[in-house]
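The structure appears below as structure tokens.
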Amino acid sequence: MSTPSVPGTAPLPASRAHAKAPVLLVLAGPAGSGKSTLCYRLVEAGLGFSRVITTTTRSPREGELNGVHYHFLTPQEFDAKAAAGEFLEWAWVHGERRYGTLAASVLEPLAHGHDMVMSVDVQGVESLRRAAAARPLLDRSLTTVFIVVDRGRLYARMRERGKDDEAEIARRMATAEAELREAPKFDFVIESRTRDEDFAELLRILGLARERAQGRG
Numbered sequence: 000m001s002t003p004s005v006p007g008t009a010p011l012p013a014s015r016a017h018a019k020a021p022v023l024l025v026l027a028g029p030a031g032s033g034k035s036t037l038c039y040r041l042v043e044a045g046l047g048f049s050r051v052i053t054t055t056t057r058s059p060r061e062g063e064l065n066g067v068h069y070h071f072l073t074p075q076e077f078d079a080k081a082a083a084g085e086f087l088e089w090a091w092v093h094g095e096r097r098y099g100t101l102a103a104s105v106l107e108p109l110a111h112g113h114d115m116v117m118s119v120d121v122q123g124v125e126s127l128r129r130a131a132a133a134r135p136l137l138d139r140s141l142t143t144v145f146i147v148v149d150r151g152r153l154y155a156r157m158r159e160r161g162k163d164d165e166a167e168i169a170r171r172m173a174t175a176e177a178e179l180r181e182a183p184k185f186d187f188v189i190e191s192r193t194r195d196e197d198f199a200e201l202l203r204i205l206g207l208a209r210e211r212a213q214g215r216g
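First residue of the sequence shown: 0, per numbering that gives the first Met the number 0; consecutive thereafter.
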């Protein structure tokens, strides 16, 4: 499949050679690991981060706005963009809906020097790694972080959310076991403790990610 031409894949101009290199932090971990909370907290911390707006075929929920919470596409629109190679990654979720990350949603902000953060599943992270191999800007910016939660704490968090019955929790726990085996492939791992400790560790990782991105520039 051919890759569409997307702004941001060319080398940075000489005038920006010494500018701050943008960072793309990609967080993954089992359901209940707190990855989404960390993403929102980083955006709200006033550090210049924006959340990557992903794309879905599901209908907007009450209060959700197109282009703010998600890019909402019809299945036909989504399929057309997937066929054209416009996604960095995409997947079926529960066999019903598709979620994905458009290349333009990531590469255009990075090309303008904006720091970005997003959370995806481990399958999506692997797709992003493959995409980065062909896109220098993405390769320079990408740092992956996996959040590890011990089994007892993860089970308790899923119960506390009150969103799932026991059968669904059991399914999610089985998925978590498979996801945890992927942790060694990530650039950094957070051993989850409290929400504040996890965020402090993410900020430490951010400092290292900035150094990595600058060194690759």
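Ideal Cβ placement from N, Cα and C applies to all residues, glycine included.
| Query | Result |
| --- | --- |
| Please classify residue 46 as buried or exposed, where buried requires at least 16 other C-beta atoms within 10 Å of its C-beta. | exposed |
| Counting only the same chain and skipping the five closest in sequence on each side, list residues whose C-beta sits under 6 angstroms from that of residue 143. | 25, 124, 185, 186 |
| Can you check which of these residues, 119, 68, 67, 104, is closest to residue 92 by C-alpha distance? | 119 |
| Excluding the 5 residues preceding and the 5 following residue 19 in the sequence, name in chain order all residues of the same chain whose CB lies nearer than 6 angstroms to its CB. | none |
| Within 10 angstroms of its Cβ, does residue 256 collect 16 or more other Cβ (buried), or is it exposed? | Within the shown structure, residues of the chain are numbered from 0 to 216, placing residue 256 beyond reach of any answer. |
| For residue 129 and residue 149, I'd like the C-alpha separation in whole angstroms. | 29 angstroms |
| Taking 8 angstroms as the limit between beta carbons, can you name the residues of its chain near residue 152, skipping five residues before and five after? | 191 |
| Who are the Cβ neighbours of residue 74 in its own chain at under 6 angstroms, not counting the five residues just before and after it? | 56 |
| Which residue wins for smallest C-alpha separation from residue 214, given the options 140, 86, 155? | 140 |
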